[in-house]
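Scroll down for the structure; my scribbles are underneath it.
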Amino acid sequence: MGYGNKRHNLHTFAARCLFGPRGVSPSLICATGLIGHQHPKPTYLLTQAHACAFLSFAPPSSLLFLLHPPPPTLLLTQSHRPPSPTSDHFVIMSEYYNEAENMTYTPEEWASMQQLEFDERGREWSRKFYLSYNIIVVAFFVAAVIAHFYTVQFKKTVRRATNEKTPLIPINNGAPRPVTFIAKVIRKTTSVLIYQPQGRYAESFGTMSIIAGYLGLNILYTFIHGGASSTQIFANRIGLISIVNMPILFLLGSKTGLLVDWTGWSHEGYIILHKHVGRVVCITAIAHVFAYCAVVPISTRVQVNNEAIVGLIATTCFGIILGTSLAPLRARLYEIFLYFHVWFIVLPLPFLFFHWVRTKPYVITCAVIFAWDRFTRFKNVHHVIGVSQNLSGDTVKLCMNTRTTFSEIHWTTGQYVYISITSLARFQYHPFTIASPPGADTLDLIIRARKGFSRSLFNNEGEHLVAVHGPYGNQHSFDGCRKVVLIAGGAGVSYTYPEAIEIVRSHEAINDIPPEIDFLWVVPDQSYASWADLDNEKYGVNFKLWVTKE
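Under the numbering used here, the first residue of the sequence shown is numbered 83, with each subsequent residue one higher.
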């Protein structure tokens with residue numbers, strides 16, 4: 083049979099590819115009746131329906147047609163005479179003709195071209211993703227810095243104006259001046275953002291808004307523009323999201339708080355954001371591996387290249403970090419968590435560097451942040467003699483003489499330090515808030531004894547050689563406030579006690595009227611507060627103790 087009946091021949095060919103040479107039904111032949119094209123060469127137009135039929139016998143590379151249908155100008159050329167409808171042997175169409183380019187390709191060449199086009203589209207999307215994502219992240223931090231400096235400057239301006247207009251002899255019985263409209267707006271906005279609803283895992287509205295926006299941004303980039311159209315695209319997307327968030331993870335995990343002074347965020351706020359960014363990095367990295375396992379055929383999974391091997395090693399490290407970071411394990415095995423958390427976040431960096439070419443800039447950025455953090459910590463270290471004193475309620479007071487070092491330690495209220503006592507625990511640095519007011523002769527820490535380092539310190543009362551790193555953090559400003567209420571429970575007084583004293587001192591230093599301060603401290607028994615000077619008349623603070631066991 084010649085080429086004149088090529089429509090019937092291709093219909094029969096497609097049907098036999100699905101159901102074999104015998105048993106072709108007329109309904110199936112009608113269902114595949116989508117061919118109708120003339121060309122100088124003996125050609126057939128390849129449609130998606132016919133692709134599903136002939137790919138039963140086509141080489142594996144032809145499966146790209148299912149993901150990327152060919153353009154209308156692509157023609158399937160039969161290099162041999164079409165088979166007879168009654169023949170049991172078929173000649174697979176083995177050439178692809180592009181009418182627009184007037185070129186003919188073999189299946190392997192066409193598959194390679196399709197893969198190159200697929201890779202180019204992926205590179206184009208990744209370039210747009212890198213640019214837009216980094217712009218959004220940088221814009222967020224810049225906005226936080228501007229808001230912090232504006233707030234600080236505004237409070238200084240209000241305080242300066244108030245001081246200049248305040249007479250040396252107070253009038254109106256010392257009543258404070260009226261609050262301006264801008265100050266009311268700032269206070270109202272702040273009160274909404276810092277409000278924390280009830281719940282064990284609930285955070286303030288401001289923190290939850292930032293977390294929700296961050297997670298929503300990453301989910302959007304995962305599925306936008308066909309992110310879920312194929313497993314390979316999904317695997318590439320989440321791999322990009324994992325690596326692009328790593329510098330943010332290192333920045334928020336910095337012990338020295340590289341952005342603390344610029345953003346005004348507390349150490350606790352940094353830890354909360356660090357946790358969520360870390361979860362995104364680890365979960366997307368693990369999902370990236372499983373998604374690629376679904377893409378790669380089972381028969382070829384053992385034939386992995388070096389890029390895949392180093393990627394698996396890095397992902398294993400992320401899995402260890404994610405597992406040891408779970409709250410139950412972290413609470414029971416905090417010391418192990420601390421070691422794993424540091425070493426298994428640094429270990430993946432060299433492996434990720436060789437995993438993919440686009441990971442190198444982000445790995446280098448992470449390495450620079452880590453090196454700068456370590457350099458700053460060791461540069462800002464003080465070796466002092468500390469004396470630990472056990473208090474009631476499994477609490478330790480650690481007093482360190484700040485006058486014995488070559489450079490004295492200066493701090494403000496609300497700041498914290500990292501301490502290391504090699505005689506109790508090597509290579510461990512634990513953060514604690516400074517409990518003594520600025521300018522005191524000793525730097526005091528109030529530590530609740532739990533497990534590990536704090537329990538060892540409680541069991542070894544006496545003198546210790548202490549390495550102090552810091553101080554770090556910002557001082558919270560109460561300028562313009564008429565009344566301040568400070569509430570603390572147990573060792574949490576290490577923040578509120580020096581804050582209350584410093585508020586009064588700072589106002590008295592400039593001959594200003596301090597705000598009314600109510601100080602509430604919840605303690606298990608009266609002896610717990612024996613170390614603190616709670617003289618109301620001396621400091622002008624309304625100290626109140628709430629003893630739970632009496």
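Beta carbons are placed, not taken as given, at the ideal position from N, Cα and C, and that holds for glycine.
Residues that residue i bridges to, as DSSP identifies them
| i | result |
| --- | --- |
| N387 | Per DSSP, none; premise fails for N387. |
| G468 | M482 and H546 |
| D600 | V567 and N624 |
| V359 | Beta-bridge pairing links V359 to no other residue. |
| V605 | V629 |
| V463 | H551 |
Residue j beta carbon less than 8 Å from that of residue i
| i | j | result |
| --- | --- | --- |
| G496 | Y554 | no |
| R530 | A591 | no |
| T345 | I323 | no |
| Y212 | K337 | no |
| L434 | I325 | yes |
| Y296 | F287 | no |
| L334 | Y352 | yes |
| V550 | V469 | no |
| V629 | D615 | no |
| L525 | I569 | no |
| V605 | A611 | yes |
| H358 | I320 | no |
| I583 | P513 | no |
| Y500 | T515 | no |
| T313 | A376 | yes |
| L355 | I292 | yes |
| F316 | A373 | yes |
| I528 | V575 | yes |
| P430 | F400 | yes |
| D455 | R485 | no |
| W613 | K461 | no |
| L299 | I217 | no |
| L602 | K626 | yes |
| H349 | W207 | no |
| D600 | N618 | no |
| A389 | W438 | Note that residue 389 corresponds to Glu in the displayed sequence, not to Ala. Contact flag set, yes. |
Continuous alpha helix (DSSP H) stretch holding residue i: start and end
| i | result |
| --- | --- |
| D343 | V342 to T345 |
| E581 | V575 to A591 |
| R440 | First-last for R440: undefined, no H or E at that position. |
| Q314 | T313 to V326 |
| N556 | That residue, N556, is in no alpha helix (DSSP H); it is neither H nor E in DSSP. |
| K337 | No alpha helix (DSSP H) holds K337; DSSP gives it neither H nor E. |
| Y283 | No alpha helix (DSSP H) holds Y283; DSSP gives it neither H nor E. |
| T271 | F263 to I276 |
Residue i CB to nearest heavy atom of the ligand MG below 7 Å
| i | result |
| --- | --- |
| D561 | Only the bare structure without any ligand can be found here, which leaves the ligand MG out of the picture. |
Terminal residues of the beta strand (DSSP E) in which residue i lies
| i | result |
| --- | --- |
| C481 | T477 to N483 |
| T423 | Here the sequence assigns His to residue 423, which means Thr is not the residue at that position. H423 -> not in any beta strand (DSSP E); alpha helix (DSSP H) instead, spanning Y416 to V428. |
| A570 | K565 to G571 |
| I595 | Element bounds for I595: n/a, residue is neither H nor E. |
| L627 | N624 to V629 |
For the structure I just gave you, are there three or more beta carbon pairs, one from the region 437 to 452 and one from the region 475 to 485, closer than 8 Å? Taking 8 Å as the limit for Cβ pairs, the verdict is that the region 475 to 485 does not touch the region 437 to 452.
Segments of 3+ residues assigned as beta strand (DSSP E) that fall wholly inside the region 472 to 549: For the beta strand (DSSP E) assignment, the uninterrupted runs of no fewer than 3 residues enclosed by the region 472 to 549 are, from N- to C-terminal side, 477 to 483, 498 to 502, 512 to 515 and 524 to 530.
Check whether the region 520 to 536 and the region 588 to 608 are in contact - that is, three or more C-beta pairs closer than 8 Å. Not touching, per the Cβ criterion.
Determine, using beta-carbon pairs with one atom in the region 498 to 506 and one in the region 559 to 566, whether at least three such pairs fall under 8 Å. Touching, no.
Does the region 362 to 369 come into contact with the region 398 to 416, if we say contact requires no fewer than three beta-carbon pairs (one atom in each stretch) closer than 8 Å? Short answer: they touch.
Evaluate contact between the region 415 to 434 and the region 394 to 401, counting only Cβ atoms and requiring at least three cross-stretch pairs below 8 Å. Look at the beta carbons and you see the region 415 to 434 touching the region 394 to 401: at least three pairs across the two are nearer than 8 Å.
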